[in-house]
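**Student:** Under numbering that gives the first Met the number 0, think of the first position of the sequence shown as 0, with each following residue one higher.
First, the structure itself, so that you have it in front of you.
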Amino acid sequence: MNGAKVQNRGIDHYFASEHNFCQLFSEAIGELNELHWAPLKIIQMSARFLAYKPGVRILDIGSGPGKFCLAGAYYQPEALFFGVEQRQYLVDEGMMANEALGGLAVDLLCKNFTQLNFGEFDAFFFYNSFFENLPGAGKIDETLSYSKELYDYYSYYLNRKFSVMPAGTRIVTYCSWEDEIPSGYRAVETHMDGLLKFWIREPGSQNP
């Protein structure tokens with residue numbers, strides 16, 4: 000993406016529609032958008048809920064080329080958005096897009112999410128990036144190993160991490176089976192016929 004093109008069109012152009020947003024990326028990445036990354040309208044709703052205070056640190060788990068982070072930072076510029084993604088080429092695409100947009104409050108990390116310190120974040124977005132481990136599920140590519148065992152392990156690991164977060168922690172799940180949500184979180188809003196849920200860790204809930 001050429002930064003001059005963004006400057007000429009204006010940043011708003013790229014968040015006006017899914018088609019326009021995909022112009023930030025290569026054609027190959029844009030073709031993955033509909034199946035693998037949340038729609039802009041979902042991101043706008045989710046970011047509004049997660050960005051509950053200035054400077055809040057929001058993590059997208061399985062961020063791909065950073066769509067949630069880029070759009071979230073556009074909609075909620077007082078929040079800080081982080082994405083974690085295992086594929087370096089997707090991280091590179093996202094960072095190039097962010098540079099072209101002028102540098103939103105976004106940082107994309109090329110890591111496995113199990114390498115992160117969850118205590119560095121206040122809120123989380125999860126569009127079930129573990130599903131591609133299930134047999135028959137659509138996959139971004141064949142660069143990673145996939146298995147049902149990995150789905151189970153990642154879901155359990157994330158559940159345990161969420162279980163020790165402090166009261167007030169916010170999570171958004173989209174198209175999730177909720178395996179990663181431990182007891183102690185309450186769904187305070189539900190949208191899109193139950194596909195989109197907003198969760199808050201309740202005060203007084205006990206860590207396991």
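Built from N, CA and C at the ideal position, the CB exists for glycine as well.
Determine the burial state of G54: buried for a count of at least 16 other Cβ atoms within 10 Å of its Cβ, exposed for fewer.
**Tutor:** Burial call: exposed.
**Student:** Which residues bound the beta strand (DSSP E) around H190?
**Tutor:** Run containing H190: Y184 to H190, per the beta strand (DSSP E) assignment.
**Student:** With DSSP as the reference, please indicate the residues paired to T172 in a beta bridge.
**Tutor:** Partner(s): F125 and K196.
**Student:** Between V187 and L115, what straight-line distance do the alpha-carbon atoms span, to the nearest angstrom?
**Tutor:** Taking the straight line from one Cα to the other gives about 27 Å.
**Student:** Once you ignore the five residues that flank D59 on each side, which residues in its own chain have a CB closer than 6 Å to its CB?
**Tutor:** Answer for D59: F67, C68, G82 and F124, listed in chain order.
**Student:** Under a three-way DSSP split, which group does E30 fall into?
**Tutor:** Note: E30 maps to coil in three-state DSSP.
**Student:** With respect to the beta strand (DSSP E) encompassing D59, which residues constitute its N-terminal and C-terminal limits?
**Tutor:** Taken as a continuous stretch (DSSP letters only), the beta strand (DSSP E) holding D59 covers R56 to I60.
**Student:** Taking Cβ to Cβ, would you say Y74 is nearer than 8 Å to I10?
**Tutor:** Taking 8 Å as the Cβ cut-off, Y74 and I10 do not qualify as a contacting pair.
**Student:** Using 10 angstroms around the beta-carbon of R8, count the other beta-carbons present and answer buried if the total reaches 16, otherwise exposed.
**Tutor:** Answer is exposed; the Cβ neighbour count stays below 16.
**Student:** Exposed or buried, which one is M191 when buried takes at least 16 other CB atoms within 10 Å?
**Tutor:** Exposed: under 16 other Cβ atoms inside 10 Å.
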